[in-house]
Amino acid sequence: MKKMTLLSVAVAALLFVGCGGDKPAEANTTDANVTVEANATEANATEATTEANATEANTTAAAPAAAVDGAAAYATCSACHGADGKGTVGGAKVLAGFSAADIDAKLHAYKAGSVQSPTAAIMNAQAANLNDDQIKALADYISKL
Numbered sequence: 000m001k002k003m004t005l006l007s008v009a010v011a012a013l014l015f016v017g018c019g020g021d022k023p024a025e026a027n028t029t030d031a032n033v034t035v036e037a038n039a040t041e042a043n044a045t046e047a048t049t050e051a052n053a054t055e056a057n058t059t060a061a062a063p064a065a066a067v068d069g070a071a072a073y074a075t076c077s078a079c080h081g082a083d084g085k086g087t088v089g090g091a092k093v094l095a096g097f098s099a100a101d102i103d104a105k106l107h108a109y110k111a112g113s114v115q116s117p118t119a120a121i122m123n124a125q126a127a128n129l130n131d132d133q134i135k136a137l138a139d140y141i142s143k144l
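For the sequence shown, numbering that gives the first Met the number 0 gives the first residue as 0, with consecutive numbering after it.
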């Protein structure tokens, strides 16, 4: 029984010594310093990334806009108007033979929502997604069909 008591006291003493003391507090301080240094490094990395993104944005803004491919843009239109501009799916107009100025004006009118016709709702939605460069490219392409 004395051996068991002595063994229990020894284990308890080891637990108290192992769980207490100043050394773990120093380790926590070191961990805190490492965390602060890591956070500072992350902040520097974030700042560097922000600077790189700003530089990239400036470079992109300075680069000329890429030319819009009218043929690629017309792929959506061809579903109703046909690859040659002569299709009339669902009452779609024949586009072949119109000038670039006519197509440009009509697409801008659809985009503004000022056209009233049976197909206006479809065309208004299609034109609403186009920017001026895309409209010009489409007008140029369609005028050559």
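Note that beta-carbon positions come from the ideal geometry of N, C-alpha and C, so glycine has one too.
Residue i, enclosing alpha helix (DSSP H) - first and last residue
i	result
residue 123	119-127
residue 75	69-80
Residue from the options with nearest C-alpha to residue i
i	options	result
residue 102	134, 69, 67, 82	134
residue 98	88, 84, 117	84
residue 106	136, 88, 82	136
residue 108	76, 74, 75, 123	123
residue 131	115, 112, 113, 104	104
Reduced DSSP category for residue i - H, G, I as helix; E, B as strand; rest coil
i	result
residue 108	helix
residue 137	helix
residue 144	coil
residue 88	helix
residue 100	helix
residue 83	coil
Beta-carbon gap between residue i and residue j smaller than 9 angstroms
i	j	result
residue 175	residue 82	The requested residue 175 does not occur in the structure, where the chain is confined to residues 0 to 144.
residue 110	residue 126	yes
residue 79	residue 121	yes
residue 69	residue 77	no
residue 129	residue 71	no
Whole-number beta carbon distance between residue j and residue i, since they are thought to touch under 8 angstroms
i	j	result
residue 118	residue 91	6 angstroms
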